[in-house]
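Under the working numbering, think of the first position of the sequence shown as 25, with each following residue one higher. Below is one structure, written out as structure tokens; comments come after it.
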Amino acid sequence: MINFTVGPVQSTEEVKEIGAKSAPYFRTPEFSEKMFENEKLMCEFANAPEGARAVFITGSGTASMEAAVINTLDRNDNVIVVNGGGFGQRFADICALHEIPLTEIKLEVGKTLTKEDLENLPDKKYTALLVNIHETSTGVHYDPDLIGDFCKENGIFLIVDAISSFLADDFDMEKCGADIMITGSQKALACPPGVSVMVLSKKAQQRIATHNSGCMYFDLKSALSNGERGQTPFTPAVSTLLQINARLKKIKANGGRKSETEKIAAIAQDFRNKIKGMPFEIVSNSLSNAVTPLRPRNNVSAYDIFTVLKDEYEIWVCPNGGDLKEKVFRVGHIGALEISDNDKLIAALKDMQKRNLI
Numbered sequence: 025m026i027n028f029t030v031g032p033v034q035s036t037e038e039v040k041e042i043g044a045k046s047a048p049y050f051r052t053p054e055f056s057e058k059m060f061e062n063e064k065l066m067c068e069f070a071n072a073p074e075g076a077r078a079v080f081i082t083g084s085g086t087a088s089m090e091a092a093v094i095n096t097l098d099r100n101d102n103v104i105v106v107n108g109g110g111f112g113q114r115f116a117d118i119c120a121l122h123e124i125p126l127t128e129i130k131l132e133v134g135k136t137l138t139k140e141d142l143e144n145l146p147d148k149k150y151t152a153l154l155v156n157i158h159e160t161s162t163g164v165h166y167d168p169d170l171i172g173d174f175c176k177e178n179g180i181f182l183i184v185d186a187i188s189s190f191l192a193d194d195f196d197m198e199k200c201g202a203d204i205m206i207t208g209s210q211k212a213l214a215c216p217p218g219v220s221v222m223v224l225s226k227k228a229q230q231r232i233a234t235h236n237s238g239c240m241y242f243d244l245k246s247a248l249s250n251g252e253r254g255q256t257p258f259t260p261a262v263s264t265l266l267q268i269n270a271r272l273k274k275i276k277a278n279g280g281r282k283s284e285t286e287k288i289a290a291i292a293q294d295f296r297n298k299i300k301g302m303p304f305e306i307v308s309n310s311l312s313n314a315v316t317p318l319r320p321r322n323n324v325s326a327y328d329i330f331t332v333l334k335d336e337y338e339i340w341v342c343p344n345g346g347d348l349k350e351k352v353f354r355v356g357h358i359g360a361l362e363i364s365d366n367d368k369l370i371a372a373l374k375d376m377q378k379r380n381l382i
């Protein structure tokens with residue numbers, strides 16, 4: 025199978041070999057050294073501000089989304105949630121569950137966030153803004169500098185879910201003033217799912233230090249404290265953390281964040297060039313390099329396209345759920361992919377076109 029989903033994505037042979045071995049015991053200086061390397065490189069690739077820390081949560085990206093909320097916000101806050109799809113809705117649901125007052129900026133499918141959307145908010149004092157910088161369900165990528173400038177001007181704490189965007193798109197945590205950045209092991213880090221990563225500014229750490237999370241497993245005070253010795257509070261996904269270590273060091277050796285982003289951008293642009301003239305519409309003009317969202321023409325089911333590619337061509341693309349299930353499928357460009365892989369997908373789609381399936 026060739027994997028064009030947006031997570032879990034294809035891994036390199038080096039990463040797969042680590043996963044094939046038995047997980048080692050982890051309360052050791054050797055494992056701590058790997059974790060120190062992981063933290064250092066995560067902060068570097070996020071261009072985190074001085075004094076930032078990274079913590080590693082054994083749980084999917086949603087675990088870190090909820091941990092960010094419960095460790096830094098409470099009922100005394102008044103937050104903005106950018107809701108452009110399924111993952112923006114998830115932030116809204118988390119805040120509602122924990123009874124945190126929120127105002128949603130609801131965006132239509134394929135529409136990006138504008139300055140006017142922010143300026144037209146009700147005239148209230150907001151304390152935090154939560155955004156999925158890449159709304160993976162629709163493929164829309166929001167401008168981090170636009171959001172960052174708004175938050176700086178208004179003294180707003182900024183939480184950025186960059187789960188599918190990290191390393192795929194330019195993101196400068198210090199420049200945009202993000203206080204928390206979240207990503208996951210199964211996206212551009214190209215490791216198995218199960219670990220999410222949070223990079224925390226000094227301001228975020230200060231909030232965490234004085235905040236009662238009301239939770240044991242997701243208590244970031246404990247995660248930060250244990251991180252000082254290169255450890256985690258509880259048993260982590262040991263093998264995945266070792267895979268992350270290998271992957272981060274490989275990215276560093278290959279030129280760092282900039283080089284990785286350029287590679288992904290080139291694969292994305294190649295695919296978008298080759299899909300021209302085919303019976304698909306790219307859903308948005310504000311795209312992440314991570315994924316291309318496609319709406320089939322001629323009333324063809326997007327989910328049927330996903331199924332045929334999987335069952336008959338041994339190619340995975342990314343289906344959608346909810347209202348978008350039959351309308352939009354997505355082609356990912358992250359993970360261990362090459363431009364030559366695009367040719368195989370394009371060939372499959374052209375064959376489906378000859379068979380009148382699209």
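From the three backbone atoms N, C-alpha and C, an ideal C-beta is built for every residue, glycine too.
Is the beta carbon of residue i sitting closer than 8 Å to the one on residue j?
| i | j | result |
| --- | --- | --- |
| L9 | R281 | The chain is shown only over 25 to 382; residue 9 falls outside these bounds and no answer can be derived. |
| I171 | L145 | no |
| I157 | V133 | no |
| V352 | T29 | no |
| T207 | F190 | yes |
| V219 | L266 | no |
| S310 | T136 | yes |
| A72 | I81 | no |
| V307 | R296 | no |
| Q77 | E63 | Going by the sequence as given, residue 77 is Arg instead of Gln. Yes; because the gap between Cβ atoms is below 8 Å, this pair is in contact. |
| A372 | Y337 | yes |
| M59 | G179 | no |
| K148 | D169 | no |
| H357 | A292 | yes |
| L369 | I339 | yes |
| A186 | M205 | yes |
Hey, quick one: how far does the beta strand (DSSP E) through residue i stretch, first residue to last?
| i | result |
| --- | --- |
| P320 | 315-320 |
| I129 | 126-130 |
| E305 | 304-306 |
Specify, as a first and last residue, the run of the alpha helix (DSSP H) that residue i falls within.
| i | result |
| --- | --- |
| A116 | 110-121 |
| N102 | Segment: none, N102 is in no alpha helix (DSSP H) and carries neither H nor E. |
| E286 | 280-298 |
| N95 | 85-96 |
| L153 | Looking at the DSSP string, L153 is not in any alpha helix (DSSP H); the run it does join, the beta strand (DSSP E), is 152-156. |
| E143 | 139-143 |
Would you grab the beta carbon distance between residue i and residue j for me? Rounded to a whole angstrom, and I think it's under 8 Å.
| i | j | result |
| --- | --- | --- |
| M197 | V223 | 6 Å |
| I288 | A326 | 23 Å between Cβ atoms; not a contact. |
| V355 | T316 | 5 Å |
| C215 | I268 | 5 Å |
| S225 | D203 | 5 Å |
Give every residue of the same chain whose Cβ lies closer than 6 Å to the Cβ of residue i, excluding the five residues on either side of it in the sequence, and list them in chain order.
| i | result |
| --- | --- |
| N107 | Q113, A116, E128, K130 |
| L126 | V103, V105, C119 |
| S188 | V30, H158, T160, K211, A314 |
| D141 | I129 |
| G110 | S161 |
Excluding five sequence neighbours on each side, which residues of the same chain lie with their C-beta closer than 8 Å to the C-beta of residue i?
| i | result |
| --- | --- |
| T285 | L191, A192, D193, D194, N313 |
Just to check, is the beta-carbon of residue i closer than 7 Å to a non-hydrogen atom of the ligand COA?
| i | result |
| --- | --- |
| Q377 | Absent from the structure shown: the ligand COA. Ligands present: none. |
Give every residue of the same chain whose Cβ lies closer than 7 Å to the Cβ of residue i, excluding the five residues on either side of it in the sequence, and list them in chain order.
| i | result |
| --- | --- |
| G75 | K226 |
Please specify which runs of the alpha helix (DSSP H), each continuous and at least 4 residues long, are wholly inside the segment 176-243, giving them in chain order.
197-200, 226-233
Could you pull out every unbroken beta strand (DSSP E) segment of at least 3 residues lying fully inside the segment 310-362, listed in chain order?
315-320, 353-356
Extract the residue ranges of the beta strand (DSSP E) inside the segment 27-77, only unbroken runs of 3 or more that lie entirely within it.
none
Can you give, in chain order, each stretch of the alpha helix (DSSP H) that sits fully within the segment 254-280 and has at least 4 residues?
Counting only runs of 4 or more, we get 262-277.
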